[in-house]
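Reading through the structure tokens given below for one structure.
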Amino acid sequence: MALDTPSAPERSEATGKPLQDRVMGWIAFAVLTLAAIVWLIPLLWALDTALKTEADTTTVPVTWIPPSGFTLESFWQILSAGNMLRWYFNSFLTSSIITLLVVLLGSLAAFGFSRVAFRGRRLLFLVIIAGLIIPPQILIVPLFAEMDALGFVDTYWGIILPQIAAPLSVFIFKQFFDGIPHELEDAARVDGASRFRIYWQIWMPLARPAIAAVAIFTFVISWNNFLWPFIIVTNTDMMTIPVGIATVQSSYGVRYADIMASAVLAGLPLIIVFLFFQRQIVQGVAGTGLKG
Amino acid sequence: MAARAETAGVAQSKKEGSRGRTDLAGYLFVAPFLLAYAAFLIFPVLLGLRMSFFNASLVGTDSQFLGLANYRELLGDSDFWGSLWHTVLFTLLSTPPLVILALVFALLANRAIPARWFFRLSFFAPWVLPSSVVALIWVWLYQPGFGLINSYLVMLGLPEVAWLPDESVAMFSVVIATVWWTLGFNFILYLAGLQEIPQDVYDAAATDGAGPFAQVRWITIPLLTRTTLLVLTLQIFASLNVFDQIYIMNTSGGLNYTATRPIIQYIYEQGFTSYRVGFASAMSYVFFMLVLVVGLAQFAVSSRRRRDA
Chain A
1 MALDTPSAPE RSEATGKPLQ DRVMGWIAFA VLTLAAIVWL IPLLWALDTA
51 LKTEADTTTV PVTWIPPSGF TLESFWQILS AGNMLRWYFN SFLTSSIITL
101 LVVLLGSLAA FGFSRVAFRG RRLLFLVIIA GLIIPPQILI VPLFAEMDAL
151 GFVDTYWGII LPQIAAPLSV FIFKQFFDGI PHELEDAARV DGASRFRIYW
201 QIWMPLARPA IAAVAIFTFV ISWNNFLWPF IIVTNTDMMT IPVGIATVQS
251 SYGVRYADIM ASAVLAGLPL IIVFLFFQRQ IVQGVAGTGL KG
Chain B
1 MAARAETAGV AQSKKEGSRG RTDLAGYLFV APFLLAYAAF LIFPVLLGLR
51 MSFFNASLVG TDSQFLGLAN YRELLGDSDF WGSLWHTVLF TLLSTPPLVI
101 LALVFALLAN RAIPARWFFR LSFFAPWVLP SSVVALIWVW LYQPGFGLIN
151 SYLVMLGLPE VAWLPDESVA MFSVVIATVW WTLGFNFILY LAGLQEIPQD
201 VYDAAATDGA GPFAQVRWIT IPLLTRTTLL VLTLQIFASL NVFDQIYIMN
251 TSGGLNYTAT RPIIQYIYEQ GFTSYRVGFA SAMSYVFFML VLVVGLAQFA
301 VSSRRRRDA
């Protein structure tokens, strides 16, 4: 799964492969660069708009360099007037707790399924895997009724709890634990370590790559979740970032620079997370390929 | 690698099974997850099924048993069929570009060695963005007059397109935004699949005189069958559940409602705007059955492929 290993063209250049191959390589590079630029334009345009004065956003024809110059006005506007900081806090808090619980519950269960013999474990595991085919989107109505009955509407727990039942994390951890040889564990057991100590002190440190993949994924997905927080939260103060900017956006009127500034602010943490954890995210995605 | 881990696991559990002992600690390990799983997945699934037979409302408790009336009603509801069709149409339109373009870009990126991080960044960065950010950006890009896309169309001497309000264009506008947003995920899956094809296979083919295109056609694509099946499966399931971007472009951007409203949005409206909870639950169930049928069909196809391989 090492995505950075050198492949075809570089090696063939080294071994002196035909010119045709190198030409193909450059054509591929050119086409791909063009596509990549097209892909970056929406992001750059959003940033560009956010840095303009309101008057400069609607000039025709469009211009990347605004006549009145760039300004951070819209960013200050959004951060000082709106609920943006509150939504950041809500998103950060709920996503962190969800991530922690998903990693913990998932790895515990996977350890049980992978390393402890008990009656019915294959059946139970099958039941959990079957849960992968249930689209959470179809559960919005009964889940809301359940949360309403429990008094969790407009609370953090209302946002968090439905997102912690993630069968995929059990699956990913189990795949990882299954691949670790038994000798390690046997040695620890001879020394009289309890099951839990083996899980916590041997398996979890070994599982760092799996933990990173599950954690980053869970964090990104719960941070970006729109539908569920949108349903369970009605109070503006309780909204997460994606819900907040989508539903309260109309209160900015048609102030495009402000709208784009809020979009940029909402997307920024994720882009930063992506830049920092690029490798883990990419390997996490590639890791779902294990299922194939 | 996965297959090997799997076999090891099976052999392992057989060994322990023959020893015939049950370790109670196992239940303690799986209990916390199972509890959450039962409470927030299994229970709502059953609760939804029960609700679908009732004239249930979210606020009141006085619900009345209706039998199959909700199901009967939705079969004759043209809004149900219309929104279901939009979901299917979105899936049919979004899946081919999301699979084929991702494959083409990955094939190219696998050749183009310099600055591979740059391509990963460009294609994958949008995937980490929240749907609402994506929707807001594209509503802005699609604006008439001063919108970036229309502005460039005019500069090229082409007519403007009413991307969001025009009934015949609206769904394509959603698909374009979605392809931009999610292509990176499939791109990465294909890139990983490509890395697993050993170089010697290509070297052998090159020795036999196979050019680059022949190599892609006869080696790369066949060897990527597993990856393609995975990408297709994940993509179809993701597309069938479309809601966020359409809803947000609808409400905040004037996206044509009658041409794009997907089934999840109709379920949401019936449940949370019209408070017809029983009816919405029945709809969820019919939709779930459809997803299940698609899933089973895919499973059948992929297991036959695997037997043939």
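So the protein sequences, as listed, match chains A and B.
Counting in the UniProt record's numbering, the first sequence runs from 1 upward without gaps.
Counting in the UniProt record's numbering, the second sequence runs from 1 upward without gaps.
No residue lacks a Cβ here, since even glycine has one placed at the ideal position from N, Cα and C.
Please tell me whether residue 160/A and residue 202/A are closer than 7 Å, where the distance is taken between their beta carbons. Cβ distance not < 7 Å, so residue 160/A and residue 202/A don't count as in contact.
Environment of residue 182/A [buried if 16+ CB atoms lie within 10 Å]: Looking at its Cβ environment, which holds fewer than 16 other Cβ atoms inside 10 Å, residue 182/A is exposed.
Is there at least one Cβ from chain B nearer than 7 Å to residue 23/A's Cβ? No, because no Cβ of chain B sits closer than 7 Å to the Cβ of residue 23/A.
Cβ neighbours of residue 87/B in the same chain (closer than 7 Å, five flanking residues each side left out): So the list reads 240, 242, 262 and 263, once near-sequence residues are dropped.
If you compare alpha carbons, which of 144/A, 270/A, 169/A and 280/A is closest to residue 43/B? Comparing alpha-carbon positions, the option among 144/A, 270/A, 169/A and 280/A lying closest to residue 43/B turns out to be 144/A.
Three-state secondary structure (DSSP) at residue 105/B? Reduced to three states, the DSSP call for residue 105/B is helix.
Let me know if residue 20/A comes out buried or exposed under the rule of 16 or more other beta-carbons within 10 Å of its beta-carbon. When all chains shown are included, residue 20/A counts as exposed.
Contact criterion: CB-CB distance below 7 Å. Does residue 248/A meet it with respect to chain B? No, residue 248/A does not count as interfacial toward chain B.
Quick one: any contact between the region 139-158 of chain A and the region 39-57 of chain B, if contact means 3 or more CB pairs under 8 Å? With a cut-off of 8 Å, the region 39-57 of chain B and the region 139-158 of chain A count as touching, because enough Cβ pairs lie within range.
Same chain, Cβ closer than 8 Å to residue 176/A, five either side skipped, listed in chain order: Sequence-distant Cβ neighbours of residue 176/A in its own chain, meaning closer than 8 Å and more than five residues away, are 110, 207, 209 and 210.
If you run the structure through DSSP and keep just helix, strand and coil, what is residue 119/B? Helix, per DSSP.
Under 7 Å between the Cβ atoms of residue 46/A and residue 193/A? Taking 7 Å as the Cβ cut-off, residue 46/A and residue 193/A do not qualify as a contacting pair.
Look up residue 54/B in the DSSP assignment and say whether it is helix, strand or coil. In the structure shown, residue 54/B falls within a strand segment according to DSSP collapsed to helix, strand and coil.
Enumerate in chain order the residues of its own chain whose CB-to-CB distance from residue 195/A is below 7 Å, with the five nearest sequence positions on each side excluded. Listed in chain order, the non-local C-beta contacts of residue 195/A below 7 Å within the same chain comprise 116, local neighbours out to five positions each way being set aside.
Segment contact, 8 Å Cβ cut-off, at least three pairs: the region 223-237 of chain B with the region 180-194 of chain B: With the rule of 3 Cβ pairs closer than 8 Å, the region 223-237 of chain B counts as touching the region 180-194 of chain B.
Classify residue 178/A: buried if its beta carbon has 16 or more other beta carbons within 10 angstroms, exposed otherwise. With a threshold of 16 other beta carbon atoms within 10 Å, residue 178/A meets it and is buried.
Report the partner residues of residue 65/B according to the DSSP bridge assignment. In the DSSP output, where bridge partners are listed per residue, residue 65/B has 54/B.
Does residue 185/A come within less than 7 Å of chain B when only Cβ atoms are used? Chain B has no Cβ within less than 7 Å of the Cβ of residue 185/A.
Taking all protein chains shown into account, decide if residue 147/A is buried (16 or more other Cβ within 10 angstroms of its Cβ) or exposed. With 16 or more Cβ atoms within 10 Å of its Cβ, residue 147/A is classed as buried.
For residue 186/A, count neighbouring C-beta atoms within 10 Å of its own C-beta (all shown protein chains included) and say buried if the count is 16 or more, exposed if not. Classification for residue 186/A: exposed.
Out of curiosity, what's the CA-to-CA distance linking residue 198/A and residue 288/B? If you take the alpha carbons of residue 198/A and residue 288/B, they lie about 40 Å apart.
Using DSSP with H/G/I as helix, E/B as strand and the rest coil, what is residue 34/A? Helix.
Less than 7 Å between the C-beta atoms of residue 278/B and residue 70/B, yes or no? With respect to the 7 Å criterion, residue 278/B and residue 70/B are classified as neighbours on the basis of their beta carbons.
Taking CB distances under 7 Å as the criterion, tell me whether residue 253/B reaches chain A. Residue 253/B does not count as touching chain A.
What residues of chain A sit near residue 48/B, judged by a beta carbon separation below 8 Å? Within chain A, the residues near residue 48/B are 138, 139, 141 and 142.
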